[in-house]
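Residue numbers (the working numbering): 575 to 737.
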Amino acid sequence: MIFSILVVTLLLSFYTDIRSRKILNIVTFPAMLIGLVYHTVTQGLDGFLFSGAGLLVGLLLLFIPYLLGGMGAGDVKLLGAIGALTGVTFVFQSFIYTVLIGGLIGFILLVRKIELKRLSPLYLFSFLFSLKSSQNDKPKITFPYGVAITVGTLCASFLGGMM
């Protein structure tokens with residue numbers, strides 16, 4: 575049952591994030607509540623602690639990137655919902671896959687944006703590691719991070735943990 579709720583939550587979030595760049599509270603909050611209630615009913619206090627700790631860890635893993643403007647609040651809540659449904663170990667494994675997949679997507683978008691083939695290595699180095707930003711900088715490269723969260727969580731489900 576929990577896996578079904580997880581998959582529905584992921585697919586709905588994937589769809590809405592691609593379509594409107596939003597992960598909806600109407601998807602994430604019920605998933606959090608279902609995780610907390612299910613684990614509490616089936617395992618008592620231990621289940622509540624399992625789910626609550628997963629929720630908290632899921633929220634905390636993306637909280638700093640959210641504060642720095644690197645992602646939206648929906649992404650944070652989605653990882654929290656994953657944690658509430660699956661617990662600390664799984665949400666952390668999902669996070670690791672998510673970071674790897676998000677980094678790969680970001681790199682591909684960066685390569686497409688600056689067309690590495692046409693740049694000299696020196697220019698590329700200074701572009702990637704520049705600490706200054708001018709007002710003439712082009713807009714940031716962004717993508718709906720719910721895609722990386724969804725794929726990362728499915729990888730953790732089907733490929734297993736890395737620990």
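No residue lacks a Cβ here, since even glycine has one placed at the ideal position from N, Cα and C.
Just so you know, these numbers come straight off a predicted model, no measurement behind them.
- Within the model, the alpha-carbon separation for Leu636 versus His613 is close to 23 Å.
- When Pro718, Thr660 and Tyr589 are compared, the shortest CA-CA separation from Met606 is found for Thr660.
- Its chain contains Ile656, Gly726, Thr727 and Ala730 as the residues whose beta carbon lies nearer than 7 Å to that of Ser668, once the 5 sequence neighbours on both sides are disregarded; these appear in chain order.
- Counting of Cβ neighbours within 10 angstroms places Gly643 among the exposed residues, the total staying below 16.
- Contact between Thr672 and Ile723 holds, with the beta-carbon distance rounding to 5 Å and staying under 8 Å.
- Comparing C-alpha distances from Tyr719 to each of Arg595, Leu585 and Leu733 shows the shortest one belongs to Arg595.
- Only buried fits Ser625, as 16 or more other CB atoms lie within 10 angstroms of its CB.
- In the pairwise beta carbon analysis, the region 640 to 654 is classified as touching the region 578 to 597: at least three pairs are separated by under 8 Å.
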